[in-house]
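Peer 1: My structure is below; once you've seen it, I'll send some questions.
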Amino acid sequence: MKTRQVIVVGGGASGLTAAISAAENNAAVTILEQKERVGKKILSTGNGRCNVTNTDMRADCFRGEDVSIVSKVLERFGYPETVQFFEKLGVILKNRQGYLYPISDQASTILDALRLEADRLSVQVVTGETVCLIEKHKNGFSVRTKRSEYHCDAVILATGGKAAPVLGSDGSGYALAKSMGHTISPVVPALVQLRCRGTYFKQISGVRVNAAVHLFVDGTWCASDTGELQLTDYGISGIPVFQVSRYAAKALYEKRKVTARINFLPTMTEEALFSFLEERRARLGHRRAEDFLLGMLHKKLIGIFLKEANIPANTCILEISETQWRKLCTCFCHFPMEIEGTNTFAQAQVCAGGVKTTEIHAETMESRYVKDLYLTGELLDIDGICGGYNLQWAWATGYLAGTYAAKGTEHDSNRTIKTTSKSQ
Numbered sequence: 004m005k006t007r008q009v010i011v012v013g014g015g016a017s018g019l020t021a022a023i024s025a026a027e028n029n030a031a032v033t034i035l036e037q038k039e040r041v042g043k044k045i046l047s048t049g050n051g052r053c054n055v056t057n058t059d060m061r062a063d064c065f066r067g068e069d070v071s072i073v074s075k076v077l078e079r080f081g082y083p084e085t086v087q088f089f090e091k092l093g094v095i096l097k098n099r100q101g102y103l104y105p106i107s108d109q110a111s112t113i114l115d116a117l118r119l120e121a122d123r124l125s126v127q128v129v130t131g132e133t134v135c136l137i138e139k140h141k142n143g144f145s146v147r148t149k150r151s152e153y154h155c156d157a158v159i160l161a162t163g164g165k166a167a168p169v170l171g172s173d174g175s176g177y178a179l180a181k182s183m184g185h186t187i188s189p190v191v192p193a194l195v196q197l198r199c200r201g202t203y204f205k206q207i208s209g210v211r212v213n214a215a216v217h218l219f220v221d222g223t224w225c226a227s228d229t230g231e232l233q234l235t236d237y238g239i240s241g242i243p244v245f246q247v248s249r250y251a252a253k254a255l256y257e258k259r260k261v262t263a264r265i266n267f268l269p270t271m272t273e274e275a276l277f278s279f280l281e282e283r284r285a286r287l288g289h290r291r292a293e294d295f296l297l298g299m300l301h302k303k304l305i306g307i308f309l310k311e312a313n314i315p316a317n318t319c320i321l322e323i324s325e326t327q328w329r330k331l332c333t334c335f336c337h338f339p340m341e342i343e344g345t346n347t348f349a350q351a352q353v354c355a356g357g358v359k360t361t362e363i364h365a366e367t368m369e370s371r372y373v374k375d376l377y378l379t380g381e382l383l384d385i386d387g388i389c390g391g392y393n394l395q396w397a398w399a400t401g402y403l404a405g406t407y408a409a410k411g412t413e414h415d416s417n418r419t420i421k422t423t424s425k426s427q
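Basically the numbering used here = 1-based index in the sequence shown + 3.
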């Protein structure tokens, strides 16, 4: 039986996993990586510690236009399979409240383990190769780069998206997928900081506080998350901001109005908070407004709250109007911020958008349009929340693609023939 030749375009998390699984299934595998080394983006994940996966691996932790593919992928390669995969490579994982990291707390451990296994399986790695064109022929593919041409039986597109382009994800995979007939949903930054309109952000830059972030699009609630909010000189950051940022980015792309309301005391109900503030006013009503809030807020925030409530800082708290008092109380639970943009792809951890998942066979990651073409990872229109979900998606889709690229698949009876122009 002829050994299948498989080319993996991209040597990141999903590309390395795809190469290993294809080689395990007796394929001759070549990785074409445009950077000077493979896996550079892996080294930056989890703040350099690499949050490999999460024990709470659920399909509803992923986002996209059509997420039905996620549960089918995770059924085949979920959290247990990821743990088994890395343990087989010699990596011991530790559990930190459901977040799994290498016991070394070094992302380099994960990359080194992948590289060693690829080397053991005789995977050929060619760096500095930028793929310019993929052509399908009767008996396989030709893959052209800026300096060479390769031929193979199957191609795995594992190029990543556009997030962190300095590490290799420059968006070139979208053009390659589109040239093969695939449709690309608009791609925007995700797990990214949000830029806000306002002149006071330089005053409060550096403040960190536990808060709930509620996102609204055209006045309608869209998403919420709670955690450590980081205030910056341009807007807001931190895990709760990252978790809702893909919705903000999508809405801003569509030219819709995006606002956030910040709850600075999320551990209290609004009713309980108002009762607490009334009792505090009864005890400390002799204080000036700026002193009344000491002990409840970071000092840098006090002036911003008073300005929002139209209360002069030196006013006795008992002398403010009922309207001012109500406004001040509301600031704690519903402090308004207008979102005018996100930070760029360079600061984003992942992308939202990509190749439509309805065009992919969930069981194998094979294209529904082109036989023996497989697509993985961030290239697809799926993005996960923080906590190891995006890496899980990379490992899972890469492993499935590699397995079936090596074996070959028979989807012809279900294959969709796209009749629209490839240049569309």
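Each residue gets a CB set at the ideal place from its N, CA and C atoms; glycine is no exception.
Using a Cβ distance threshold of 8 Å, determine whether the region 62-81 contacts the region 114-128, with at least three qualifying pairs required.
Peer 2: Not touching, per the Cβ criterion.
Peer 1: How would you call E39, buried or exposed, if buried means at least 16 neighbouring beta carbons within 10 angstroms?
Peer 2: Sequence index remark: in the sequence shown, residue 39 carries index 36 (1-based). E39 should be labelled exposed.
Peer 1: Rounding to the nearest angstrom, what Cα-Cα distance links A252 and N29 in this structure?
Peer 2: Within the sequence shown, residue 252 is the residue found at index 249, counting from 1. Within the sequence shown, residue 29 is the residue found at index 26, counting from 1. Cα to Cα, the separation comes out at about 42 Å.
Peer 1: Any idea which residues DSSP pairs I159 with across the strands?
Peer 2: Residue numbering aside, residue 159 sits at position 156 when the sequence shown is read from its first letter. For I159, which the question treats as bridged, DSSP gives the partners V11 and Y377.
Peer 1: Please list the segments of the alpha helix (DSSP H) lying wholly inside the region 248-324, counting only runs of 4 or more residues, in order along the chain.
Peer 2: Segments of the alpha helix (DSSP H) lying fully in the region 248-324: 273-287, 292-295 and 302-311.
Peer 1: Three or more C-beta pairs under 8 Å: does that hold for the region 187-196 against the region 217-225?
Peer 2: Taking 8 Å as the limit for Cβ pairs, the verdict is that the region 217-225 does not touch the region 187-196.
Peer 1: Taking the alpha carbon of T56 as the reference point, which residue from A16, Y82, Q87 and T406 has its own alpha carbon closest?
Peer 2: The count along the sequence shown starts at 1 and reaches residue 56 at position 53. Of the listed residues, the one whose Cα sits closest to T56 is Y82.
Peer 1: Is the CB-CB distance between K330 and N317 below 8 Å?
Peer 2: Reading the sequence shown from its first residue, position 327 is the one you call residue 330. Reading the sequence shown from its first residue, position 314 is the one you call residue 317. Not closer than 8 Å, so no.
Peer 1: Can you find a CB in chain C that lies within less than 8 Å of the CB of T406?
Peer 2: Structure shown: chain C not included; a single protein chain is present.
Peer 1: State the Cα-Cα distance for the pair K258 and E282, rounded to the nearest angstrom.
Peer 2: For the purposes of this step, residue 258 is taken as residue 255 along the sequence shown, with counting starting at 1. For the purposes of this step, residue 282 is taken as residue 279 along the sequence shown, with counting starting at 1. Approximately 44 Å between the Cα atoms of the pair.
Peer 1: Report yes if the CB atom of L136 is closer than 8 Å to the CB atom of A116, and no otherwise.
Peer 2: Here residue 136 refers to the residue found at position 133 of the sequence shown. Here residue 116 refers to the residue found at position 113 of the sequence shown. Against a cut-off of 8 Å, the Cβ pair of A116 and L136 comes out as no contact.
Peer 1: In the region 42-120, which residue ranges form an unbroken beta strand (DSSP E) of at least 3 residues, counting only runs that do not cross its ends?
Peer 2: Counting whole runs of 3 or more residues, the region 42-120 contains the beta strand (DSSP E) stretches 96-99 and 102-105.
Peer 1: Excluding the 5 residues preceding and the 5 following E68 in the sequence, name in chain order all residues of the same chain whose CB lies nearer than 6 Å to its CB.
Peer 2: Along the sequence shown, read from residue 1 onward, the residue named residue 68 stands at position 65. Taken in chain order, the residues that qualify are S188 and D384.
Peer 1: Can you tell me whether D386 is buried or exposed, with buried defined as 16 or more other CB within 10 angstroms of its CB?
Peer 2: On the sequence shown, residue 386 is found 383 positions in, with the first residue counted as 1. It counts as buried.
Peer 1: Under the DSSP definition of a beta bridge, which residues are partnered with W398?
Peer 2: On the sequence shown, position 395 is the one that residue 398 refers to. For W398, which the question treats as bridged, DSSP gives no partner whatsoever.
Peer 1: Using the Cβ count rule (16 or more neighbours within 10 Å means buried), how would you classify S1?
Peer 2: Here the chain comprises residues numbered 4 to 427, so residue 1 is not present and cannot be evaluated.
Peer 1: Less than 8 Å between the CB atoms is what I'm expecting for G176 and V353, so what's the real figure, rounded?
Peer 2: Here residue 176 corresponds to residue number 173 of the sequence shown, with the count starting at 1. Here residue 353 corresponds to residue number 350 of the sequence shown, with the count starting at 1. G176 to V353, Cβ: 14 Å. No contact.
Peer 1: Taking Cβ positions, are Y377 and A157 nearer each other than 8 Å?
Peer 2: In the sequence shown, the residue the question calls residue 377 occupies position 374. In the sequence shown, the residue the question calls residue 157 occupies position 154. Going by C-beta atoms, Y377 is nearer than 8 Å to A157.
Peer 1: Note down the Cα distance separating I265 from L276, rounded to an integer number of angstroms.
Peer 2: Here the question's residue 265 lines up with position 262 in the sequence shown. Here the question's residue 276 lines up with position 273 in the sequence shown. Whole-angstrom Cα-Cα distance: 14 Å.
Peer 1: Which full runs of the alpha helix (DSSP H) of 4+ residues lie inside the region 166-237, going along the chain?
Peer 2: You should have 175-182 and 204-207.
Peer 1: Which residues mark the beginning and the end of the alpha helix (DSSP H) in which E362 is found?
Peer 2: If you number the sequence shown from 1, residue 362 lands on position 359. That residue, E362, is in no alpha helix (DSSP H); it is neither H nor E in DSSP.
Peer 1: Rounded C-beta distance between V12 and L160? I'm assuming under 8 Å.
Peer 2: As a working note, residue 12 is residue 9 in the sequence shown. As a working note, residue 160 is residue 157 in the sequence shown. With 8 Å as the limit, V12 and L160 qualify as a contact, their Cβ atoms being about 5 Å apart.
Peer 1: Take K149 and list the residues in its own chain whose beta-carbon comes closer than 7 Å to its own, dropping the five residues that flank it on each side.
Peer 2: Counting from 1 along the sequence shown, the entry for residue 149 is found at position 146. So the qualifying residues of the chain are T133 and C135.
Peer 1: Output yes or no for whether 8 Å exceeds the beta carbon distance between L96 and V86.
Peer 2: Here residue 96 refers to the residue found at position 93 of the sequence shown. Here residue 86 refers to the residue found at position 83 of the sequence shown. Yes. Within cutoff.
Peer 1: How about V32 and Q100: do their beta carbons lie closer than 8 Å?
Peer 2: Taking the first residue of the sequence shown as 1, we reach residue 32 at position 29. Taking the first residue of the sequence shown as 1, we reach residue 100 at position 97. No, Cβ-Cβ distance for V32 and Q100 is not below 8 Å.
Peer 1: How close, in whole Å, do the beta carbons of V358 and H301 come, if the pair is a contact with beta carbons under 8 Å?
Peer 2: What you label residue 358 is simply residue 355 of the sequence shown in a count that begins at 1. What you label residue 301 is simply residue 298 of the sequence shown in a count that begins at 1. That belief does not hold up - the Cβ atoms of V358 and H301 are roughly 44 Å apart, past 8 Å.
Peer 1: Would W398 and A16 be called neighbours here (beta carbons separated by less than 8 Å)?
Peer 2: Along the sequence shown, one-based indexing puts residue 398 at 395. Along the sequence shown, one-based indexing puts residue 16 at 13. Yes, these two residues count as a Cβ contact at 8 Å.
Peer 1: Which of helix, strand or coil does DSSP assign to R147?
Peer 2: Within the sequence shown, numbered from 1, the residue matching residue 147 stands at position 144. Residue state, collapsed to three classes: strand.
Peer 1: Q350 by DSSP, collapsed to three states: which one?
Peer 2: As a first step, residue 350 must be located in the sequence shown, where it is residue number 347. Note: Q350 maps to coil in three-state DSSP.
Peer 1: Measuring straight from C-alpha to C-alpha, what distance separates D415 and S370?
Peer 2: Against the sequence shown, residue 415 aligns to sequence position 412. Against the sequence shown, residue 370 aligns to sequence position 367. Since pLDDT at D415 reaches only 44, below the 50 mark, its modelled position is unreliable, and the value read off the structure follows with that caveat. Their backbone Cα atoms lie some 11 Å apart in a straight line.
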